[in-house]
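Residue numbers (our numbering): 2 to 165. Scroll down for the structure; my scribbles are underneath it.
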Amino acid sequence: APVSVYREGRARRPALLAAIRDPAGALTAVELVYLAPGGGPDRRLRLPRKTVGALPPGSAVRLGPAAHTLVVGEGVMSVLSACEALGQAGWALLSARNLAVWTPPSAVGRVLIAADRGGPGEAAAAALAARLRASALSASIRLPPGGCEDWNAYAVAQRRKEGG
């Protein structure tokens with residue numbers, strides 16, 4: 002992917018591109034995460050992650066179809082890791098603010114909130130869980146094991162522990 006989405010440049014980097022859809026399913030934006038050789042975000046760049054387009058409240062990167070049980074969390078990589086660990090489909094909601102206001106589609110009856118550790122992530126997860134429970138939906142907060150800050154950090158730590 003081009004290093005800059007704003008101007009032509011010579012440098013190129015691999016990138017994770019993710020379609021962002023509004024609650025009705027319309028494509029409204031794209032998230033680009035420039036990747037380092039090891040596969041994580043390229044921290045050498047000033048902005049390793051960029052979003053191009055509009056992000057209406059309730060937008061999500063849909064990493065699978067809506068299912069009765071759905072994992073939701075903030076970042077794409079963190080939700081992908083949580084989906085793998087929890088064995089369920091998931092949607093990345095891209096921010097703590099959006100997580101707190103998201104409303105699941107009617108097909109969803111149980112939400113597993115893959116929360117990021119720390120004030121904003123845990124507060125947003127608690128707000129979403131309370132709102133969903135008040136609407137008679139099942140909701141539980143799942144923090145990453147081992148004190149990791151998010152589910153992707155946990156997945157990376159597990160792979161290192163396994164020698165991968």
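Built from N, CA and C at the ideal position, the CB exists for glycine as well.
Next item on the list: Could you spell out the range, first to last residue, of the alpha helix (DSSP H) harbouring residue 120?
Entry: Taken as a continuous stretch (DSSP letters only), the alpha helix (DSSP H) holding residue 120 covers 120-135.
Note to self: Need the endpoints of the alpha helix (DSSP H) that residue 161 sits in, please.
What the structure shows: Unbroken alpha helix (DSSP H) run through residue 161: 152-162.
Next item on the list: Kindly indicate if chain B contains any beta-carbon less than 8 Å away from that of residue 15.
Entry: Going by chain labels, chain B is absent from the structure shown, which holds only one protein chain.
Notebook entry, point to check: Under a three-way DSSP split, which group does residue 3 fall into?
Noted result: Residue placement at residue 3 is flagged as unreliable, the pLDDT there being 49, under the threshold of 50; the coordinate-derived value follows with that caveat. Strand.
Check: Excluding sequence positions up to five away, which residues of its chain have a Cβ less than 6 Å from the Cβ of residue 116?
Finding: Only residues of its own chain outside the window of five on either side were considered, and among them 122, 123, 126, 142, 144 have a CB closer than 6 Å to the CB of residue 116, listed in chain order.
Next item on the list: On the DSSP bridge assignment, give the partners of residue 104 in chain order.
Entry: DSSP output for residue 104 lists no bridge partner at all.
Note to self: Just to confirm my understanding: we take residue 128, look at its own chain, exclude 5 residues before and 5 after, and list those with CB closer than 7 Å. What are they?
What the structure shows: Excluding positions up to five away in sequence, the list reads 101.
Check: Quick one: is residue 81 buried, meaning 16 or more other Cβ sit within 10 Å of its Cβ, or exposed?
Finding: Residue 81 should be labelled buried.
Item checked: Same chain only: Cβ atoms within 6 Å of residue 24, ignoring 5 sequence neighbours per side -> For residue 24, same chain residues with a beta-carbon under 6 Å away, outside a window of 5 residues either side, are 59 in chain order.
Notebook entry, point to check: What is the C-beta distance between residue 62 and residue 20, in whole angstroms, given that I count them as a contact (C-beta under 8 Å)?
Noted result: Rounded to whole angstroms, the Cβ separation of residue 62 and residue 20 is 7 Å, and the two are in contact under 8 Å.
Note to self: For residue 43 and residue 36, I'd like the C-alpha separation in whole angstroms.
What the structure shows: The alpha-carbon of residue 43 is positioned some 5 Å away from that of residue 36.
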